[in-house]
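Here's the structure, in structure tokens; my notes come after.
In the numbering used here, the protein residues as written are -3 to 287.
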């Protein structure tokens, strides 16, 4: 493969023009900035002050194939194998969803409400472990457990916790299988960002999500869109302590249904919270005893 130059500054300009056929300017700039920072340790300003920075042939190939992947709409987080979540480095791969900014808001909601408490917290559908890891980092006296149906996700979550020097228990477990529930104890808080996108909504999703992120972690049947929430509420009957809390991330179109479901299961102080974009995105509530 031949290049006219090995100067990173010039190569970046060339790839920027190529990516504009696939992304708008702001996104193309952001994607290239991430690649250059990750591969070569140069920020956008650092690249300008090091305009004569040159690449070896292997480095040029590395950048070439990364840009080639971007043209196929492969998420940049999968290309570099990591992302930032709550100021923590989290490894990601095709076995797990890429953590979203909205999920950071869910973590912040829990921290704001529960930071001073000594808690036993369960993260259902932990994926990369990002929620459990961020909670453990910010509520250090809490005991965190994360479960997921995917063994590959549990392996990655464990690696992420170890890389961040945090002690978290992870286990491969299917919350929809009641026979496995007795493997878990009781908790003060249950948090979950379960699959909640209906199959009917697939046509609204971008190709970078549909073609690369794990469908098992995204989609639910149209005729049973609340299947995971129903299971978690059932599980909470014996595994969430009295006055314990639930925190869910939700499909924006299902907020009122989940609020009513929570109330029907004798949860109080049930609240529907909006995300930074003004969309119904989270539900919280407290369990009370039934006399």
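Ideal placement from N, C-alpha and C gives every residue a C-beta, glycine not left out. These numbers were taken from a predicted model, which means no experiment stands behind them.
Residue 190 counts as buried, since no fewer than 16 other beta carbons sit within 10 angstroms of its beta carbon.
Leaving aside the five residues that flank residue 193 on each side, the residues in its chain whose CB is nearer than 8 angstroms to its CB run, in chain order, 201, 214, 215, 216 and 247. Two segments are said to touch when three or more pairs of C-beta atoms, one from each, lie closer than 8 angstroms; by this definition the stretch 134 to 151 touches the stretch 88 to 98. Around the beta carbon of residue 97, fewer than 16 other beta carbons sit within 10 angstroms, so the residue counts as exposed. Taken through DSSP and simplified to helix, strand or coil, residue 212 comes out as helix.
The three-state reading of DSSP puts residue 72 in helix, counting H, G and I together. In this structure, 56 is the residue among 24, 30 and 56 with its C-alpha nearest to the C-alpha of residue 0.
Annotated three-state conformation of residue 234 is helix, per DSSP.
Annotated three-state conformation of residue 48 is coil, per DSSP. Note on geometry: alpha-carbon atoms of residue 280 and residue 228 lie some 13 angstroms from one another. DSSP places residue 85 within a strand segment (E or B) once states are collapsed to three. By the C-beta density criterion, residue 156 is buried, having at least 16 other C-beta atoms within 10 angstroms. For residue 5, the enclosing alpha helix (DSSP H) begins and ends at 4 to 15. If you draw a straight line from the Cα of residue 249 to the Cα of residue 58, it comes to about 42 angstroms. Per DSSP, the unbroken alpha helix (DSSP H) holding residue 63 starts and ends at 53 to 67.
The Cβ-Cβ distance between residue 31 and residue 24 does not fall below 7 angstroms.
In this structure, the beta-carbon distance from residue 5 to residue 47 falls below 7 angstroms.
For the 7 angstroms CB-CB criterion, residue 76 and residue 34 form a contact. Annotation for residue 140: the continuous beta strand (DSSP E) segment containing it runs 139 to 144. A direct Cα-Cα distance of roughly 49 angstroms separates residue 276 from residue 52. Exclusion of the five residues before and after residue 69 leaves 203 and 204 as the residues of its chain whose Cβ lies within less than 6 angstroms of its Cβ.
Taking every protein chain shown into account, the CB of residue 13 has fewer than 16 other CB atoms within 10 angstroms, so this residue is exposed. For the 7 angstroms CB-CB criterion, residue 240 and residue 283 form a contact.
Take residue 114, set aside five residues on each side of it, and the residues of its chain with a beta-carbon closer than 6 angstroms to its own are 137, in chain order.
Distance from the Cα of residue 64 is smallest, within the candidate group 86, 28 and 84, for 28. Separation of residue 11 and residue 37 (C-alpha to C-alpha, rounded to the nearest whole angstrom) is 18 angstroms. Nearest to residue 105 by C-alpha distance, out of 154, 141 and 82, is 82. Your pair residue 143 and residue 102 does not check out as a contact, with CB atoms roughly 17 angstroms apart and the cut at 8 angstroms. Taking every protein chain shown into account, the CB of residue 179 has fewer than 16 other CB atoms within 10 angstroms, so this residue is exposed. A check of alpha carbon separations from residue 261 across 165, 164, 232 and 174 identifies 232 as the nearest.
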